[in-house]
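Q: Numbering (my numbering), first residue to last: 98 to 403. Here it is, the structure in full.
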Ligand code: PSU
Ligand code: MN
C-alpha cells in the first residue's frame, strides 16, 4: 500500500508525534464550487485548521499516488482544471494506474486518510440516499464507506438535495452513529435544521473525541457522522432553498443527468440560481466545520490524559 501513498512531510511528522491532523477532500474544490471561490475556500479552510492547532491534509490523487497534504500549486491546479476525475471508491485503482488527476470524494478521501492513519476528516456535506432512490438506487458510496472505515466525518448534516429521512435510516442500518453538535435538530447543509431530530447530540469537542475513542477501542469499526449546524445568521432556511432544489432535480431529469454527474450538476444549478447566496452559505458552513474538526482532532490527540 505504501507504494501508492505519498504523505507530505509536515503531515507525516504530526502523525508520528500524535499531533492533531485534519483530512480534507478535494472533490469539493474541483466539482463542488466555481473558481476562484473554490481555491479561496480551500486555502481559508486549511488556515482555519492551523489557527485552531491542527495540521491540514488535503487529499487527492496525482501522478499515480494518493497524496496526503497538498502544496499551494497542487490545490490551485485542482481548482482550475476542468478535466479532473471525480474519484469515489470504485474509481481509485483506475485513476491511480492511469496516472490521472483525481479529486477524491468523501468515500475515497476517508479511505486514503485511514491508510495514512488520520482519524478526523472535515467536509461540507456527505453524499447520501438521493430523492427517488427507491427506483434509481442512487445511494452514495460515502455511506457504505462510512460503515467500514474508522474515520470521523464532520459535515453540516445531509444536503437537502438528498432524501434526508432515508439517509438517516441507511446510517442507522449500517450502525453509523450520527451526532449533532450543540442542538437537538439534525441540520441540512445550507439550513440549520431539517425537520428531523438528530439521533444523538453532544455539546463539546471533548465529548465527541471521547465517544470516538470509546467506539474504536471497543472495536466498533466505521465512521461517526458529526453534524455541525450552520449558524442561523448564515443559513438559508429549508423552506426557501427547497424551491430551487426541486427546480434543480427537474432540470437534472430533463437533461438526463444521473450517476456520478448528478451531485455536481445539482450543486452547480443551485449556486447559479440563488444569486450566489447558496455559495456564500456553502463557504460559511465549511469554515465552521473546519474549526470544529480542528477542535475534535486536538481533543482526540489528547485523549490519553482524560
Ligand atoms: N457536498 C458538497 N460539495 C461536494 C460534495 C458534496 O457540498 O462537492 C461531493 C463530496 O465529495 C461527496 C460527493 O463525497 O459530492 C458525493 O457524490 P455522490 O453523490 O456522487 O456520491
Ligand atoms: Mn450517486
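For every residue, glycine included, the Cβ atom is placed at its ideal position computed from N, Cα and C.
Just how far apart, CA to CA, sit residue 149 and residue 143?
A: Translated into positions along the chain shown, residue 149 becomes position 52. Translated into positions along the chain shown, residue 143 becomes position 46. Rounded to whole angstroms, residue 149 to residue 143 spans 10 Å at the Cα level.
Q: Just to confirm my understanding: we take residue 108, look at its own chain, exclude 5 residues before and 5 after, and list those with CB closer than 7 Å. What are they?
A: Taking the first residue of the chain shown as 1, we reach residue 108 at position 11. Excluding positions up to five away in sequence, the list reads 118, 152, 154, 165 and 166.
Q: How would you label residue 255, buried or exposed, when you count the other beta carbons within 10 angstroms and need 16 or more for buried?
A: Start at 1 with the first residue of the chain shown, and residue 255 comes out as number 158. Per the 10 Å Cβ criterion, buried.
Q: The beta strand (DSSP E) spanning residue 199 covers which residue range?
A: In the chain shown, the residue the question calls residue 199 occupies position 102. Where residue 199 is concerned, the enclosing beta strand (DSSP E) stretches over 199–201.
Q: Where do the ends of the beta strand (DSSP E) carrying residue 226 lie?
A: Within the chain shown, numbered from 1, the residue matching residue 226 stands at position 129. Residue 226 -> no beta strand (DSSP E), and no H or E assigned at all.
Q: What is the DSSP secondary structure of residue 301, counted as helix, strand or coil?
A: Taking the first residue of the chain shown as 1, we reach residue 301 at position 204. Three-state result, residue 301: coil.
Q: For residue 249, report the span of its beta strand (DSSP E) as first-last.
A: Position 152 of the chain shown, counting from 1, holds the residue named residue 249. 249–252 is the span of the beta strand (DSSP E), which, as asked, contains residue 249.
Q: In the DSSP output, which residue or residues are listed as bridge partners for residue 278?
A: Position 181 of the chain shown, counting from 1, holds the residue named residue 278. Paired residues: 299.
Q: Rounded C-beta distance between residue 178 and residue 198? I'm assuming under 8 Å.
A: Stepping through the chain shown from its first residue, residue 178 is reached at position 81. Stepping through the chain shown from its first residue, residue 198 is reached at position 101. The pair is a contact, with the Cβ atoms about 6 Å apart (cut-off 8 Å).
Q: Quick check on this structure: which residue in 184, 309, 224 and 161 has the alpha carbon closest to the alpha carbon of residue 196?
A: Counted from its first residue, the chain shown places residue 196 at position 99. With respect to the C-alpha of residue 196, the residue from 184, 309, 224 and 161 having the closest C-alpha is 161.
Q: Should residue 208 go down as buried or exposed, given a rule of 16 or more other Cβ atoms within 10 Å for buried?
A: Translated into positions along the chain shown, residue 208 becomes position 111. It is buried - the Cβ of residue 208 has at least 16 other Cβ atoms within 10 Å.
Q: Could you tell me how far apart the beta carbons of residue 246 and residue 211 are, in whole angstroms, since I believe they sit closer than 8 Å?
A: In the chain shown, the residue the question calls residue 246 occupies position 149. In the chain shown, the residue the question calls residue 211 occupies position 114. Confirmed, Cβ separation roughly 5 Å.
Q: According to DSSP, what are the bridge partners of residue 362?
A: Taking the chain shown and counting its residues from 1, the one referred to as residue 362 is at position 265. Its beta-bridge partners do not exist; DSSP assigns none.
Q: Taking DSSP's pairing of strands, which residues face residue 146 in a bridge?
A: Along the chain shown, read from residue 1 onward, the residue named residue 146 stands at position 49. DSSP lists no partner for residue 146.
Q: For the ligand PSU, I want to know if residue 224 counts as a neighbour, meaning its beta carbon is within less than 6 Å of at least one of the ligand's heavy atoms.
A: As a first step, residue 224 is located in the chain shown; it is residue number 127 there, counting from the start. Yes.
Q: Determine the direct distance from the alpha carbon of residue 250 to that of residue 120, and round the result to whole angstroms.
A: The count along the chain shown starts at 1 and reaches residue 120 at position 23. The count along the chain shown starts at 1 and reaches residue 250 at position 153. Near 9 Å, if we compare the C-alpha coordinates of residue 250 and residue 120.
Q: Distance check for residue 187 and residue 271, CA to CA, integer angstroms please.
A: Here residue 271 corresponds to residue number 174 of the chain shown, with the count starting at 1. Here residue 187 corresponds to residue number 90 of the chain shown, with the count starting at 1. Taking the straight line from one Cα to the other gives about 19 Å.
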